[in-house]
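Enquirer:
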Amino acid sequence: MTATTDRPHMLTEDFEAVARIAAREVEGMRLEFIDGIVRSKAMPDGDHGRIIQWLTRICLQYRPELWLHPGQGIKAQQYRAGRAIPDAALAPSEAFVGQGDWVDPEAVLMAVEVTSWDSDTHRRDHVEKPRAYAETGIPVYLLIDRAKCEVSVYSQPNGSRYESVHIVPYGTDIALPDPVGITLRTEQLKDWVR
2 MTATTDRPHM
12 LTEDFEAVAR
22 IAAREVEGMR
32 LEFIDGIVRS
42 KAMPDGDHGR
52 IIQWLTRICL
62 QYRPELWLHP
72 GQGIKAQQYR
82 AGRAIPDAAL
92 APSEAFVGQG
102 DWVDPEAVLM
112 AVEVTSWDSD
122 THRRDHVEKP
132 RAYAETGIPV
142 YLLIDRAKCE
152 VSVYSQPNGS
162 RYESVHIVPY
172 GTDIALPDPV
182 GITLRTEQLK
192 DWVR
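According to this note's numbering, the sequence shown is numbered sequentially starting from 2.
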């Protein structure tokens, strides 16, 4: 018998069942399913949470018809049936009502990740997540990298990757392109660096 893959294949339904059990049984356990691989997502620390608060206030100020939904599971990678939990997803406030744990990403205008201090944050946030969100068609991916003190804005998804990536150091203003249409003044991010 010849193996056709290096790792066993897990069905999306099986992953969702495992993720529900893990979340119920292990405090703080959050699982994602990207590129056919199950990964745990680190719990956010206080500065991580404060950055999401900062961004929420900015989004409410400039786009009050939208909401920055924290920790909402989304169906990512349509062709691989992936499941991702961005730190936040910008979408209309009622976009996910009645959809359950893993929502349709069609209403998501922007996925947001703030880096953690775990060992696989670079691979997850700089490689896997941009690819997954681009494959899903999410128009903008915002990455706030606390280790590098940089903000990256990915846009123009083409179905496999983002064609535009703009990176600036903390303290530099950066535009979140349409359909978001907000300029971030990132100076305050310097306050939440270890």
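From the three backbone atoms N, C-alpha and C, an ideal C-beta is built for every residue, glycine too.
What whole-angstrom Cβ distance do W103 and I75 have, given they're in contact under 8 Å?
Expert: Mapped onto the sequence shown, residue 103 falls at position 102. Mapped onto the sequence shown, residue 75 falls at position 74. Right, their Cβ atoms sit about 7 Å apart.
Enquirer: Helix, strand or coil for P131 per DSSP?
Expert: Here residue 131 corresponds to residue number 130 of the sequence shown, with the count starting at 1. DSSP places P131 in helix when its eight states are reduced to three.
Enquirer: Go ahead and pull the three-state DSSP assignment for I86.
Expert: Taking the first residue of the sequence shown as 1, we reach residue 86 at position 85. In the structure shown, I86 sits in coil (DSSP, three-state: anything other than H, G, I, E or B).
Enquirer: C150: which of G172, S165 and L143 sits nearest, CA to CA?
Expert: As a position in the sequence shown, residue 150 is number 149, starting the count at 1. Nearest option by C-alpha distance: G172.
Enquirer: What does DSSP give as the partner residues of E114 in its beta bridges?
Expert: Start at 1 with the first residue of the sequence shown, and residue 114 comes out as number 113. DSSP, once it has assigned bridges, lists L144 as partnering E114.
Enquirer: On the criterion of 16 or more Cβ atoms from any shown chain inside 10 Å, does G182 qualify as buried, or is it exposed?
Expert: Against the sequence shown, residue 182 aligns to sequence position 181. Exposed is the call here.
Enquirer: With 16 other CB atoms within 10 Å as the buried threshold, where does G160 fall?
Expert: The residue you call residue 160 lines up with position 159 of the sequence shown. Exposed: under 16 other Cβ atoms inside 10 Å.
Enquirer: Rounded to whole angstroms, what's the CA-CA distance from I86 to D126? Just pull it up for me.
Expert: Start at 1 with the first residue of the sequence shown, and residue 86 comes out as number 85. Start at 1 with the first residue of the sequence shown, and residue 126 comes out as number 125. About 11 Å.
Enquirer: Which residues does DSSP list as the beta-bridge partners of W103?
Expert: Residue 103 sits at position 102 when you count from the first residue of the sequence shown. According to DSSP, which records beta bridges pairwise, W103 is partnered with G74.
Enquirer: From A112 to A89, what distance separates their C-alpha atoms?
Expert: For the purposes of this step, residue 112 is taken as residue 111 along the sequence shown, with counting starting at 1. For the purposes of this step, residue 89 is taken as residue 88 along the sequence shown, with counting starting at 1. In a straight line, the C-alpha of A112 is about 6 Å away from that of A89.
Enquirer: Closest to G99 by C-alpha separation, out of R84, T116, A82 and Q73, would be which residue?
Expert: Indexing the sequence shown from 1 puts residue 99 at position 98. Comparing Cα-Cα distances from G99 to each of R84, T116, A82 and Q73, the minimum goes to Q73.
Enquirer: Along the chain, where does the beta strand (DSSP E) containing T184 start, and where does it finish?
Expert: As a working mapping, residue 184 is identified with position 183 in the sequence shown. Its beta strand (DSSP E) spans residues I183 to R186.
Enquirer: Taking the alpha helix (DSSP H) that D48 belongs to, which residues open and close that run?
Expert: Looking up residue 48 in the sequence shown gives position 47. First-last of the alpha helix (DSSP H) with D48: G47 to Y63.
Enquirer: According to DSSP, is P180 part of a helix, a strand, or is it coil?
Expert: Residue numbering aside, residue 180 sits at position 179 when the sequence shown is read from its first letter. Three-state result, P180: coil.
Enquirer: Checking 8 Å against the spacing of the C-beta atoms, do P158 and A135 come in under that value?
Expert: Stepping through the sequence shown from its first residue, residue 158 is reached at position 157. Stepping through the sequence shown from its first residue, residue 135 is reached at position 134. Cβ atoms of P158 and A135: closer than 8 Å.
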